[in-house]
Structures are given as C-alpha cells and as structure tokens.
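Counting from 1, position 16 in the sequence shown corresponds to residue 108 in this note's numbering; the numbering is continuous, with no gaps.
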Amino acid sequence: MLWTIFVILLVLWGLGLMTGYTMGGVLHALLVIAIVVVLVQVIQGRRRT
C-alpha cells in the first residue's frame, strides 16, 4: 500500500516538473512526502524481521 502511494506521489512530482507549473512549494512537498513514505516502509519492514 505504501509503495503505491510512493509511486503515485513520485509520478505526480515528475509530471509537475515536466510541465513547469510548480504551484509554489507544493511540488517539492510531494517529493518529500514520497521519501517519508519509503522511509516508513523500510523502518516497518526491519521491525517485522
């Protein structure tokens, strides 16, 4: 589930960069959120093992 959210946020971030419409800092916030989602997934994965 978190990987799906990560991919969606990453795609939206990439599309935003390609179109040149940054909407202020929202575009880069998507990248930060995507990275946080991956970090949470990695940390949760290490706890389960």
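Note that the Cβ used here is the ideal one computed from N, Cα and C, for glycine as well. As the structure is a computational prediction, the values presented were derived from the model and not from experiment.
Distance, residue j Cα to residue i Cα
| i | j | result |
| --- | --- | --- |
| Gly137 | Thr96 | 16 Å |
| Gly103 | Val130 | The amino acid occupying residue 103 in the given sequence is Val; Gly does not appear at that position. If you take the alpha carbons of Val103 and Val130, they lie about 14 Å apart. |
| Met110 | Ile100 | 15 Å |
| Ala126 | Phe98 | 5 Å |
| Arg139 | Val128 | 17 Å |
Assumed close pair residue i, residue j - CB separation to whole angstroms, cut-off 8 Å
| i | j | result |
| --- | --- | --- |
| Leu94 | Val132 | 6 Å |
Residue range of the unbroken alpha helix (DSSP H) whose run includes residue i
| i | result |
| --- | --- |
| Met110 | 94 to 111 |
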